[in-house]
Amino acid sequence: MARPYANPYLAGMALGGVLLSCFVLTGQGLGASGAFASAGSALLHAVAPRQAGNTWFQGYLQAGPWWSAWLVIELLGVIAGAAVSAWLHGRLRLAVERPAGMRARSRLAAAGAGGILMGIGSVLACGCTSGQALSGGALLSAGSWTFMLAVFISGYATMPLLRRLWP
Amino acid sequence: MNFSNSLPLALVIGIGFGAALEMAGLGNACKLAGQFTLRDFTVLKVMFSAIVTAMLGSFWLGRLGLADLGAFYVPDTFLLAQGIGGLVFGAGFALSGLCPGTSCVALASGRLDGLAAAGGMLGGVLLAGLAMPALAAVYRTGAFGSYTLPEAFGLPYGVVVALVTLLALGMFALAEQWERRP
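Quick look at the structure:
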């Protein structure tokens, strides 16, 4: 039986504690999209090396093997930590999370399409909700707050168009 | 002390990050989508509790001389790229009900929509990476380097810290009131 989620303020403070420890111990914040960029660059280089020649991909490729990038290891930690927590709380379950009545296939297509947009957005913004909104936000970066504001404006502007997806 | 290249530390920090997100319920796309359908403000509450905790923590550690706030890496500001990037990202966030980090939390909990979002993310990163030479001009508009809100508004750092804390508390109060409305 799945146990209820934690109090959001306490969970948020715990997350803030992890972020603060990361600042103090490494001098940098958390991230997620950077790991996709490292892995993606390596994948492209393996499949179509000529396409991976521009300076953006080269920046990631020359930093060393993708599996030894700090953010890749951190994101593997995220997956491990989340899996253990989901298991301990009885929430580990193979399923497609979707509103009642929605077909799994539509939900997966929407999730994938949203992922593509987030990939493009996080490359443009040099980070995502982790590296920009959370980490840059806590250090009061003007660009990070611009990103965060744009994400919320766009999220609220898009949602009314998605009534069939999220009733 | 600097462990910026320590991979075991990266793993430990990641585990804490993933566990905190999962416990908050942020591996559940329906819960995240609630932020934008105005039914569930968990995203706002978790995100701003985390931002305020880390912001106050780093500010006071710096003030008490226990850490060098100036040595913390502040992401560079590219106003146009980050504004456009945020608009594109926000649409994707609403569509998938997940963000890059939480898509990994969802897939770690066995949710296939998390896997789909993460797969899409990889594709989107590659598409944008391929287009990068054509996008270079976007980064030249509003490129301020390391640029903070206190610098932008000409206010002391501590004042902005206090204002952000008040903003967060105000939003929490509104969210609680909204969720309890009849």
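Protein sequence lines correspond, in order, to chains A and B. Taking my numbering, the leading residue of the first sequence gets 86, the next gets one more, and so forth. Taking my numbering, the leading residue of the second sequence gets 964, the next gets one more, and so forth. Think of the CB as a built atom: it goes at the ideal place given N, C-alpha and C, for glycine as much as any other residue.
**Q.** Straight-line Cα distance separating Gly102 of chain A from Thr1016 of chain B
**A.** Here residue 1016 of chain B corresponds to residue number 53 of the second sequence, with the count starting at 1. Here residue 102 of chain A corresponds to residue number 17 of the first sequence, with the count starting at 1. Approximately 7 Å, taken between the alpha carbons.
(Q) Can you give me the C-alpha to C-alpha distance between Gly125 of chain A and Trp152 of chain A, rounded to a whole angstrom? (A) In the first sequence, counting from the first residue as 1, residue 125 of chain A sits at position 40. In the first sequence, counting from the first residue as 1, residue 152 of chain A sits at position 67. Cα to Cα, the separation comes out at about 11 Å.
Q: Could you tell me whether the Cβ of Pro184 of chain A comes closer than 8 Å to any Cβ of chain B?
A: Locating residue 184 of chain A in the first sequence gives position 99, counting from the first residue. Yes, Pro184 of chain A lies at the interface with chain B (some Cβ there is under 8 Å from its Cβ).
Q) Around the C-beta of Asp1076 of chain B, are 16 or more other C-beta atoms found within 10 angstroms, so that it is buried, or is it exposed? A) Taking the second sequence and counting its residues from 1, one reaches residue 1076 of chain B at position 113. With a threshold of 16 other beta carbon atoms within 10 Å, Asp1076 of chain B meets it and is buried.
Q. For Arg1026 of chain B, which of helix, strand or coil comes out of DSSP?
A. Here the question's residue 1026 of chain B lines up with position 63 in the second sequence. Helix.
Q) At least one CB of chain B closer than 8 Å to the CB of Arg188 of chain A: is that the case? A) Position 103 of the first sequence, counting from 1, holds the residue named residue 188 of chain A. Cβ-Cβ to chain B under 8 Å: no for Arg188 of chain A.
Q: Tell me, please, whether the CB atom of Gly1117 of chain B is closer than 8 Å to any CB atom in chain A?
A: Taking the first residue of the second sequence as 1, we reach residue 1117 of chain B at position 154. Chain A, which has no Cβ nearer than 8 Å to the Cβ of Gly1117 of chain B, makes this no.
Q: Using three-state DSSP, classify Met964 of chain B as helix, strand or coil.
A: Looking up residue 964 of chain B in the second sequence gives position 1. Low per-residue confidence applies at Met964 of chain B: pLDDT is 48, beneath 50, and the placement is therefore not dependable, though the value from the model is reported in the following sentence. Note: Met964 of chain B maps to coil in three-state DSSP.
Q: Quick one: residues in its chain with C-beta nearer than 8 Å to the C-beta of Gly240 of chain A, no 5 flanking neighbours on either side, listed in chain order?
A: Against the first sequence, residue 240 of chain A aligns to sequence position 155. Excluding residues within five positions, none has a Cβ falling inside 8 Å.
**Q.** Neighbourhood of Leu1007 of chain B by C-beta distance below 7 Å, restricted to the same chain and skipping five residues each side
**A.** The residue you call residue 1007 of chain B lines up with position 44 of the second sequence. The answer, listed in chain order, is Gln998, Met1134, Ala1138.
Q.
According to DSSP, simplified to helix, strand and coil, what is Thr214 of chain A?
A. Along the first sequence, one-based indexing puts residue 214 of chain A at 129. The answer is helix: DSSP assigns Thr214 of chain A an H, G or I state.
Q: State yes or no: is the C-beta of Ser226 of chain A within less than 8 Å of the C-beta of Thr1128 of chain B?
A: Working through the first sequence from its first residue, we reach residue 226 of chain A at position 141. Working through the second sequence from its first residue, we reach residue 1128 of chain B at position 165. Between Ser226 of chain A and Thr1128 of chain B, the CB-CB gap reaches or exceeds 8 Å.
Q. Taking only runs of the alpha helix (DSSP H) that begin and end inside the stretch 184–229 of chain A, which ones reach a length of at least 4 residues, in chain order?
A. Entirely contained in the stretch 184–229 of chain A, the alpha helix (DSSP H) runs reaching 4 residues are, in chain order, 189–209.
Q. Going along chain A, which residues have a C-beta under 8 Å from Glu1081 of chain B?
A. Residue 1081 of chain B sits at position 118 when you count from the first residue of the second sequence. This sequence places Ala at residue 1081 of chain B; Glu is not what is there. Identification of chain A residues near Ala1081 of chain B by a Cβ-Cβ cut-off of 8 Å yields Phe121, Gly200, ordered along the chain.
Q.
At the 8 Å Cβ level, is Gln1150 of chain B part of the contact set with chain A, yes or no?
A. Because chain B in this structure spans residues 964 to 1145, residue 1150 of chain B falls outside the shown range and cannot be described.
Q. Do Arg192 of chain A and Arg183 of chain A have their CB atoms nearer than 8 Å?
A. As a working note, residue 192 of chain A is residue 107 in the first sequence. As a working note, residue 183 of chain A is residue 98 in the first sequence. Arg192 of chain A places its beta carbon less than 8 Å from that of Arg183 of chain A.
Q: Tell me whether Asn1016 of chain B sits in a helix, a strand or coil according to DSSP, three-state version.
A: Residue numbering aside, residue 1016 of chain B sits at position 53 when the second sequence is read from its first letter. A quick correction: the sequence has Thr, not Asn, at residue 1016 of chain B. Correct three-state label for Thr1016 of chain B: helix.
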